[in-house]
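Presented below is the structure to which this report refers.
Numbering (my numbering), first residue to last: 3 to 1185.
Following this line, the structure appears as structure tokens:
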């Protein structure tokens, strides 16, 4: 009788239970969860003590970087010196000094129409397009809404909050003006109706309210601007219009002169009108700044509308008049501009993008003082710039925020946490030399808030690839983002000429240099990219500038099929010929296989590498360019996987046709083979599509193998930029009879490489002209010419052979369901991984290996035989041999990793970086310093390594070299995994997965026990799938919009410490005192009476507003939010209270001094009166 170990059974139940529930939550029912067989698996399992538990994990967003997507409005607090930007998606970004960057979002998602700071009070009012006002509390690190007020019958068009006032003026589309109490967020009964504001004789509606502002001279007077050109000066106390102004053109904006006697309007005809309150019948001055001069008496020429104008005065110079728009209509090609008029000088600043809004930054918050403007913040559609007004040439400030992430659209990302600390300084020192010049020499004026480094300060680097072929390295340490270094990959290629662009590069409609994949080894500083035009570039880092030729290789990597029409056994070649390949045609797409001259393209790359010597500045310098070429009129397919090993000196990449392995030390192609040839004679799927009945089991299993495998484009679909094309799921091409495609450097007997310089008839490798003489490009055994397929055969995409000619009629009439099943026989390479491992079952020693994962869930191990001596690595050949080892999973393979028998994560071997262009090192004899990271040798017999493999459906852990499957976890059944990575957290390894249904899942290793499963983000855009990436220390990121990167953490520790890492938006600052107006100005310059808004707008005098007009909604940041923020704000409140006490003490002392002065003044008056009475009746001669 078989005995059972109850302890292990219970352990298995414990491990499998959460797996099933996790799978059902994330994808609709996981299968087996986590299991392990008896024997060796049980022994290894007991040796590893997993330290991670679910308490270590929690998901939360940390910070958002980049430019706010689709901005709509701008606001600035002149005392706190913080800036707020509202967007069309309902988001608000608040910016201060570097490190102070806060993101908050309206739950409704309605566009933000306007923002108003409560100046120096730590609060912000937002008006959204759903006609709701929100009050945000900024006295906490994560702002929260305290109150909301929803208007039911009127639409909000404009808001104005006077300085140091608690009453907010709200203009509506109907032309009415309402007043809201900021403290209680309740509507006042005081309303300025549009029909009361205009004259009774007016027969037309004045339009929506476009401007509201109180008079700098008298707070009791309100200026109301209507869209049709009417301006009303309303007396709040008497509740009547004091004066009215009419103009023929529509009004866009209004701004006061600080004395309150004049105001300026901008109009739709490109004119500016200056009005004087003493003569409101006509404008005091009318100008069309960009209009052509006309004869006297004629109306100036109309221009484009001036959307906004600001009129700011200076004490020691002429006032500034700043406006956007207003250009002449005959200059249609001119870019958007901002005009600055200072005295007689007019400066036009052209912008790269349309202007959304601008604000003038002034020294004082008081509207009745000289404004003294010092800068202009200009919000563009895709940028934020600040212009220095203190210098005559108006330079811009250098922006410390990463607002240029989207300078070219982001196509891929990579994230590295806890990387070597010297890398950031090295990259910055190289990148700072290429920074733009001409910025203002003054400090960035938006300097509010406070920020410190916090406790977690390990180095972090983010790499972004862009559509123009550029690569940007960013310092992401301590939740900030600063660009370090920019690399332009397009510089290795010749520029495309306008006339021959389509002829030379038909597979890419635009952005032929777009980056698709990034591979970076921080330790060796080897950097590799693949582009949309089917190329791979390998870079090495150097501190020295060089001028050299760029070495390039050309590789033919196409599916090889049989295309013989008539049986000719006597002339049938023993080996395939790559030059005669004719891939299948898509049934739906256009083929574009013939060039304009009528010549079929063959053996030409998509781009032309520069052949002349190229100057390479310090930094990353191109070591080798590898390009896939056209074959028989068919373009090369997109590269779907990429891996580099600096220790081996090998780069591997694959696509839907096959795998290529290149030695970048010897600049030699080691392997160029179709996917089916990697299986040799052990192909378990038997891909010959002779009849759909033959592979019944495989057909049934294939239904679940859908997901990322469907993302790969068909054979004839033209390559497009990845950030535009990944928006739909396309099926793979129609099946074909597949024939082996031997390696261009392989022996025809066993397929492994025998020489780094010998090439067979199938070779597609080409070196630069300097190296062509070293290579015999065509070896013996070139097969004879084969006849091309007929058009009918190409249409049905089926090969015609002797054996299958009987089944042609059946194949042509296959149902769509059978055809869709057979499409998956096109197997793409989806994952590659270099590692020191066991290539074959029960091997006794480890060796260099390449793990290959495919879209059908197959894992193949390729053995790499490297020269033993370091000196021989540059001359001796590298042997590449498929080992015959196959592992299988469900769904396309996504990632690999290895662990030693103690549970420690094994890093791939790498070469220690050395400067390849260092003259001192070249003079000496040097050896390559390799770090192999091999598992420790053990005398025990058994398995010594774990291999973790994750596909889009499940994860498996194998023990090597026995190849026993220890654990399997079916992650999802109804969805599929988009991104998976093995990461280190708290010195332990775990598997992190992001699923297409929005779930983020963490599993421990090696047992695959679920640690976390959170429904974080549904996949609404393929941009997220393309850019989501995990890294060590519980960090992750994705491109949340075309212009913004969202970082998040799945670490409980970082979630707990996040409050300490974020910046403070509000810091206690004493409000500057108002300037002394003087006796005469106080007597004649304005109203001597104090204006009490509370008495006028309060419920006692104005009554209650109609309940149906607006609805008050308490915000989540009210009681609960204030309780949560109390701990973080307590210190600031205490300091503020101390400061207020000190100020109160000083005010008390001032009051005592004032009382003493009044007493002495009264005594002086009394003595003067007595003296006057004493000498009142005396004559002059009596003195």
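Cβ atoms here follow ideal geometry from the backbone N, Cα and C, with glycine treated the same way.
Per DSSP, residue 1038 is one residue of the beta strand (DSSP E) stretching across 1037–1043. Of the candidates 849, 988, 72 and 951, 988 places its Cα closest to the Cα of residue 420. The C-beta separation of residue 434 from residue 540 comes to about 25 Å, leaving the pair out of contact by the 8 Å criterion.
DSSP, read as helix, strand or coil, puts residue 867 in strand.
Under DSSP, residue 242 forms a beta bridge with 237. Within the DSSP bridge table, the entry for residue 663 names 654 and 673 as partners. Your pair residue 838 and residue 911 checks out as a contact, with CB atoms roughly 6 Å apart and the cut at 8 Å. If you draw a straight line from the Cα of residue 152 to the Cα of residue 429, it is about 51 Å long. If you draw a straight line from the Cα of residue 947 to the Cα of residue 900, it is about 7 Å long. Taken in chain order, the complete beta strand (DSSP E) segments of 3 residues or longer contained in the stretch 251–330 are 253–258, 264–269, 274–278, 287–289, 308–314 and 322–327. For the alpha helix (DSSP H) assignment, the uninterrupted runs of no fewer than 4 residues enclosed by the stretch 1008–1032 are, from N- to C-terminal side, 1024–1029. The beta carbon of residue 292 lies closer than 6 Å to those of 305, 328, 329 and 330 in the same chain, with the five residues before and after it left out. Along the stretch 184–225, the alpha helix (DSSP H) occurs as fully enclosed runs of 4 or more residues at 196–199, listed in sequence order.
A straight-line Cα-Cα distance of about 19 Å links residue 175 and residue 118. Beta bridge pairing from DSSP links residue 152 with 134 and 1113.
Residue 85 sits away from residue 1067, with the two beta carbons spaced by 8 Å or more. Under the three-state reduction of DSSP output, residue 986 falls in the strand class. When DSSP states are grouped into helix, strand and coil, residue 58 belongs to the helix group. Non-local C-beta neighbours of residue 282 in its own chain, meaning closer than 6 Å and more than five positions away in sequence, comprise 245 and 247, ordered along the chain. Less than 8 Å divides the Cβ of residue 199 from the Cβ of residue 226. Residue range 1101–1104 is occupied by the alpha helix (DSSP H) that includes residue 1102, with no beta strand (DSSP E) assigned at that position. Where residue 623 is concerned, there is no enclosing alpha helix (DSSP H), although the beta strand (DSSP E) around it starts and stops at 621–630.
With a threshold of 16 other beta carbon atoms within 10 Å, residue 1166 falls short and is exposed. With a cut-off of 8 Å on Cβ pairs, the stretch 86–97 is not in contact with the stretch 54–61, counting fewer than three such pairs.
Taking the Cα positions, residue 930 is about 7 Å away from residue 913. One Cα belongs to residue 270, the other to residue 349, and the distance between them is close to 21 Å.
Rounded to whole angstroms, residue 1112 and residue 59 show a C-alpha spacing of 43 Å.
Around the beta carbon of residue 519, 16 or more other beta carbons lie within 10 angstroms, which makes this residue buried. Among the bridge pairs identified by DSSP, residue 342 is matched with 324 and 349. If you look at residue 1058, you'll find it in the alpha helix (DSSP H) that goes 1054–1063.
About 6 Å separates the beta carbon of residue 1030 from that of residue 980, a gap short enough to meet the 8 Å contact definition. In its chain, beyond the 5 residues on either side, 949 and 967 have a beta carbon closer than 6 Å to the beta carbon of residue 960. Looking at the DSSP output, residue 933 bridges to 912. In this chain, the beta strand (DSSP E) harbouring residue 899 covers 895–902. Rounded to whole angstroms, residue 1110 and residue 1019 show a C-alpha spacing of 37 Å. DSSP places residue 947 within a strand segment (E or B) once states are collapsed to three.
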